[in-house]
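Residue numbers (the numbering used here): 235 to 438. We put the beta carbon where it would ideally sit given N, CA and C, even for glycine. If you're wondering where the values come from, they're calculated on a predicted model, not measured in any experiment.
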């Protein structure tokens, strides 16, 4: 439990997944993972809740137990995503079908997604922060900062020499300010095959 009475930080568990999916969809409307739908997100966050390399937390209200936010990542991105595909390829394929039916052009992007290995920068052993979000009513109350700080502490305790993440460089000002304010720095930038400009942040 944190000293701040607003929230309690605990490890992500399977019982949290459905609520986490709802928070993800509310926080990231129009993003590709949201386009893939609830089934796909459910499989992804089940993996974060159960994988041995996972560094994933949820924030609960201390009295009601309401889940207010989450942070999900892994100490070993390449192993995590490789294992995810090997163990659950059929589930991800099945859950991707509705998105492909809605937009057949998305098939190639989905294929690139399932072959993703974390895009890890060279050098230090860095943990990947894959996703972080809070419910709308908590976005201006410091909960995101608390989650990010606790996630970094957990990554360090598990042996990470640093952390990294990727996010959109354009039309994403609030998110980029959030990471900069918390000490993360742009290590590199790149363009996705879809033409999106991305920043890769690190915190060592």
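The three-state reading of DSSP puts residue 292 in strand, counting E and B together.
In the three-state reduction of the DSSP assignment, residue 277 falls in the helix class. Judged by DSSP secondary structure, residue 423 falls within the beta strand (DSSP E) whose first and last residues are 419 to 425. In the pairwise beta carbon analysis, the region 275 to 293 is classified as touching the region 247 to 260: at least three pairs are separated by under 8 angstroms. Residue 359 holds the alpha-carbon nearest to the alpha-carbon of residue 313 among 298, 359, 275 and 273. By the Cβ test, the region 362 to 382 is in contact with the region 299 to 306, since at least three Cβ pairs between them sit closer than 8 angstroms. When C-alpha distances from residue 288 are compared across 264, 357, 317 and 299, the shortest belongs to 317.
For residue 257, the secondary structure class from DSSP, reduced to helix, strand or coil, is helix.
Within the DSSP bridge table, the entry for residue 368 names 303 as partners.
Segment contact: the region 266 to 281 against the region 387 to 394, fewer than three CB-CB distances shorter than 8 angstroms; contact not assigned. With a cutoff of 9 angstroms on beta-carbon distance, residue 275 and residue 259 are scored as near each other. If you look at residue 376, you'll find it isn't in any beta strand (DSSP E); DSSP assigns it neither H nor E.
According to the DSSP assignment, residue 415 belongs to the alpha helix (DSSP H) that extends over 407 to 415. Between residue 427 and residue 296, the alpha-carbon positions lie close to 44 angstroms from each other.
Counting along the chain, the unbroken alpha helix (DSSP H) around residue 267 starts and ends at 266 to 270. Here DSSP, grouped into helix, strand and coil, assigns residue 242 to strand.
Our two residues, residue 246 and residue 277, have alpha carbons roughly 14 angstroms apart in a direct line.
The secondary-structure analysis by DSSP pairs residue 396 across a beta bridge with 360.
Ranked by Cα distance from residue 435, the options 361, 241 and 267 are led by 361.
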